[in-house]
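Contents: one structure, followed by commentary.
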Ligand code: SF4
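Residue numbers (this note's numbering), protein chains in the order written: chain D, 1 to 479; chain W, 1001 to 1202.
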């Protein structure tokens, strides 16, 4: 008998029953909820007279709709009436059901995928779901974590289970030592560029290899976060000493004897040597340079030193028209150097890149420099606790001195549904995860990249290779 | 949930690959606590000018596609955000069936919880459907029990669908009600969890 993958192991450990119609009823250990994808689910429960089965296995935050300033004033002060109603509906629903909730303005609140791990709620071996596709983030802990729709949110609230079909196993092996300016965001973009946004459809991706082991937990979260952009169901990384170090002492992490028992279980969470994957991809981190997107799909990836594709060189007419459509939307010309793209806005934040390491990387580039005059740049920490940590390290002062706007936590300009959005035609260097048409606001143009690259673009006023802007204090030391 | 058995309707061709759920329904329309009324935001960026007037060229705005109940689209339809507002918006607009060469996983699942039928067909079939939908007569008929699509020309194309999912649509099943029939298994699972993984089960 062949061995099991990490996904197989977690799947098997959560099977409650197999239904006659081919679906497995899978137990859910942690259900994260937020204001946008839950009101209809709670309304459905109420209409059917069904209670929330496990409020203690559920955690709520307010993140998508919240303005990124003046949060202490509470939801009552949110000016957009629809957003306010949605936020207040969440407050009412979680209070009625007895679900733990970090309201807007609470230092523990923030983007759901930053908060879960930060609180120690996301743990190895768990099944984790949320009405948000970037739930794949939590796979960085060796948990099976994925996004669900609102009907499924209602299903999990009512039953603490989900009806699922088993996905395929895919391995992404990353080896080699990355050069300067290259990291987790580039691995993610490289993979999506290689296999496309539908490349992972129907699969769970496990990331492994020396370059994955070398990543910090923040980097692993960035990579697992972007897995959904490759179309995969979830991303997974086997837990190791870094995972356990990150977990230890977090508010919801097990303590004392429970910690020891958990460790025994967690250390057995890996793919067996003889496990068989349906598909394997290899990436050489040493061969990568900093990447950016040029188009309107996360698969439209190009090295920052490269050129935008020319529809003339497309393999067929269909692809040529796709490229042309993206170029028109982005206001670019086929064949032009991507670093000529002059930007108006910079957004450093989102569940992809708003953790402490991301803010440090941005501050390292910004230190001693100034944001270009024509650029409006904002930094949005992923949670109140990340913000506090950054301030204790003085990162806020570095960024503010350089001309960045230092905001309060939330999804912010990742999705164009709260006050932070692009105006039509504005071009943005963004650390978020989606460059879809209109994603950051109707008509907005998004280039995805790492936090260091986005900070560099803010300084230069156009897309630029971060390696051309080495940290200033390092230069001084060399001199 | 409304059962789905048969659908005779106009089919609108939307010949674009990778239509993401942000395009199907932009985030600004998601600030609702209702499931209904989302049809007005369906394909908003493609459908309306900046001032809100309809773009005459967009397929669903064209007179001969009024009341379309079927959409024929390119690869990887519904990628991106998990928002169930995407199927809600399609349904609210009147679309009950989407035909494409492939769908993103979450969108595909969401369809079955909303009485919306996603049909996967090989690229050649989708091409010929697209061509006929672009022609003068574009009333198609979808028979879920027979798993066939009949084109205006009379040609019949068969599609595959998992039997469990088919049943769910045909009967309009309530998934939660079905799962709650297994409640004793869920109770037993939680009890066992309490023993083996007390740190999770607390
Ligand atoms: S930051 Fe963006 S991608 Fe992440 S949860 Fe918020 S809206 Fe979704």
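All C-beta atoms in this analysis are idealised placements derived from N, C-alpha and C, irrespective of residue type, glycine included. These numbers were taken from a predicted model, which means no experiment stands behind them.
Check whether the Cβ of residue i lies closer than 8 Å to any Cβ atom in chain W.
i: residue 233 (chain D); result: yes
i: residue 456 (chain D); result: no
i: residue 417 (chain D); result: yes
i: residue 68 (chain D); result: no
i: residue 85 (chain D); result: yes
i: residue 119 (chain D); result: no
i: residue 292 (chain D); result: no
i: residue 158 (chain D); result: yes
i: residue 270 (chain D); result: no
i: residue 25 (chain D); result: yes
i: residue 6 (chain D); result: no
i: residue 426 (chain D); result: no
i: residue 126 (chain D); result: yes
i: residue 345 (chain D); result: no
i: residue 2 (chain D); result: no
i: residue 82 (chain D); result: yes
i: residue 434 (chain D); result: yes
i: residue 28 (chain D); result: no
I'd like to confirm the pairing. Which residues does DSSP put opposite residue i in its beta bridges?
i: residue 175 (chain D); result: D:284
i: residue 120 (chain D); result: Answer by DSSP bridge pairing: none, since residue 120 (chain D) is not bridged.
i: residue 3 (chain D); result: D:275
i: residue 1099 (chain W); result: W:1072 and W:1119
i: residue 19 (chain D); result: Its beta-bridge partners do not exist; DSSP assigns none.
i: residue 446 (chain D); result: D:428
i: residue 364 (chain D); result: In DSSP, residue 364 (chain D) forms no bridge with anything.
i: residue 1008 (chain W); result: W:1141
i: residue 147 (chain D); result: D:130
i: residue 1020 (chain W); result: W:1079
i: residue 91 (chain D); result: Partner(s): none; residue 91 (chain D) has no beta bridge.
i: residue 343 (chain D); result: Answer is none; residue 343 (chain D) lacks a bridge partner.
i: residue 163 (chain D); result: D:25
Taking residue i as the reference, give the member of the options with the closest Cα.
i: residue 1099 (chain W); options: W:1108, W:1160, W:1107 and W:1119; result: W:1119
i: residue 408 (chain D); options: D:389, D:381 and D:212; result: D:381
i: residue 1182 (chain W); options: D:277, D:308, D:27 and D:141; result: D:27
i: residue 54 (chain D); options: D:2, D:94 and D:267; result: D:94
i: residue 301 (chain D); options: D:433, D:315 and D:88; result: D:433
i: residue 422 (chain D); options: D:346, D:367 and D:405; result: D:346
i: residue 98 (chain D); options: D:329, D:157, D:84 and D:146; result: D:157
i: residue 232 (chain D); options: D:247, D:192, D:214 and D:243; result: D:192
i: residue 1084 (chain W); options: D:291, D:326, D:154 and D:25; result: D:154
i: residue 30 (chain D); options: D:146, D:391, D:280 and D:327; result: D:146
i: residue 555 (chain D); options: D:267, D:319, D:358 and D:384; result: In the structure displayed, chain D extends from 1 to 479; residue 555 (chain D) sits before or after that span and is not available.
i: residue 353 (chain D); options: D:238, D:443, D:143 and D:110; result: D:110
i: residue 455 (chain D); options: D:207, D:152, D:444 and D:469; result: D:469
i: residue 291 (chain D); options: D:85, D:89, D:73 and D:430; result: D:430
i: residue 1027 (chain W); options: D:105, D:411 and D:79; result: D:411
For residue i, decide whether its Cβ has a neighbour in chain D, counting only Cβ atoms nearer than 8 Å.
i: residue 1145 (chain W); result: no
i: residue 1128 (chain W); result: no
i: residue 1084 (chain W); result: yes
i: residue 1120 (chain W); result: no
i: residue 1195 (chain W); result: no
i: residue 1043 (chain W); result: no
i: residue 1180 (chain W); result: yes
i: residue 1071 (chain W); result: no
i: residue 1030 (chain W); result: yes
i: residue 1013 (chain W); result: no
i: residue 1089 (chain W); result: no
i: residue 1035 (chain W); result: yes
Note the first and the last residue of the continuous alpha helix (DSSP H) segment covering residue i.
i: residue 944 (chain W); result: Summary: the structure shown does not reach residue 944 (chain W), with chain W confined to residues 1001 through 1202, and so no result is reported for it.
i: residue 455 (chain D); result: 451–460
i: residue 329 (chain D); result: 317–330
Are residue i and residue j closer than 8 Å when you measure CB to CB?
i: residue 12 (chain D); j: residue 169 (chain D); result: no
i: residue 174 (chain D); j: residue 285 (chain D); result: yes
i: residue 1045 (chain W); j: residue 438 (chain D); result: yes
i: residue 230 (chain D); j: residue 204 (chain D); result: no
i: residue 197 (chain D); j: residue 303 (chain D); result: no
i: residue 376 (chain D); j: residue 344 (chain D); result: yes
i: residue 128 (chain D); j: residue 1179 (chain W); result: no
i: residue 19 (chain D); j: residue 163 (chain D); result: yes
i: residue 1006 (chain W); j: residue 1142 (chain W); result: yes
i: residue 390 (chain D); j: residue 452 (chain D); result: no
i: residue 1078 (chain W); j: residue 1086 (chain W); result: yes
From which residue to which residue does the beta strand (DSSP E) around residue i run?
i: residue 127 (chain D); result: 127–130
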